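Report on the following structure.
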Amino acid sequence: MPRYFYIALFVVAGVAAAIVYRTERPAQQREAEFGGVSLRIEYATTDAARERGLAGRGSVPDGYGMFFVFPKAGRYGFWMKDTLVPLDIFWLDDKGQVVSIARDVATSTYPSVFYPAEPARYVLETAAGFARAHDIQKGTPLSLKNFPSVTE
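Residue numbers (this note's numbering): 211 to 362.
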């Protein structure tokens, strides 16, 4: 009887480890340049990743951003639900140029939704103050080799 118990325990532990590994894979990240500054960006290419975004994170390091990829250009709205730190939000066109910016968006703005002035295919979120500190304006390009595509 104990032998079957240990076999069952081993199988359950293996399944649990596989589930954890699959759901907590490191996010896909790349280096980019934005406003003359190097950034490490994490991709949000699936519906689930785009919905979650930076929500629940206690900090967003300087030089870090989350890059949202959409299937086509549109006026995608962003809110601060469950977001713990203020952000700058940049909407970018198919070529990676800024078409709209929401600066210093406070966590207290939820449930307000922020929309771009023009259709955008990509969105980049950084810590609040990034746009001001690096003089990011409409038309500033994000340099990234091989813009990612939607995976879901």
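Note that beta-carbon positions come from the ideal geometry of N, C-alpha and C, so glycine has one too.
For clarity, every value in this text was computed on a predicted model and none was experimentally measured.
Please report the distance separating the alpha-carbon of residue i from that of residue j.
i: Phe288; j: Arg262; result: 11 Å
i: Ala338; j: Met290; result: 12 Å
i: Glu243; j: Ser310; result: 18 Å
i: Pro281; j: Ala258; result: 14 Å
i: Tyr274; j: Glu241; result: 9 Å
i: Ala312; j: Phe324; result: 7 Å
i: Leu249; j: Leu264; result: 16 Å
i: Lys305; j: Ala283; result: 11 Å
i: Gln239; j: Tyr332; result: 15 Å
Using alpha carbons as the reference points, say which of the options lies closest to residue i.
i: Ile251; options: Asp303, Asp272, Ala265, Val323; result: Asp272
i: Ser269; options: Asp345, Leu352, Glu335; result: Glu335
i: Ala299; options: Lys305, Tyr286, Leu354; result: Looking at the sequence shown, residue 299 is not Ala but Ile. For Ile299, the nearest C-alpha among the options comes from Tyr286.
i: Asp314; options: Val279, Met276, Val295; result: Val295
i: Trp301; options: Pro351, Asp345, Gln238; result: Pro351
i: Ala330; options: Asp345, Asp303, Ser322; result: Asp303
Would you list the residues sitting across from residue i in a DSSP beta bridge?
i: Val315; result: Leu297
i: Val308; result: Leu302
As an exercise, report each continuous beta strand (DSSP E) stretch of at least 3 residues that is fully enclosed by the region 319-362, in chain order.
330-337
Which runs of the alpha helix (DSSP H) at least 4 residues long sit entirely within the region 231-292? Give them in chain order.
257-262
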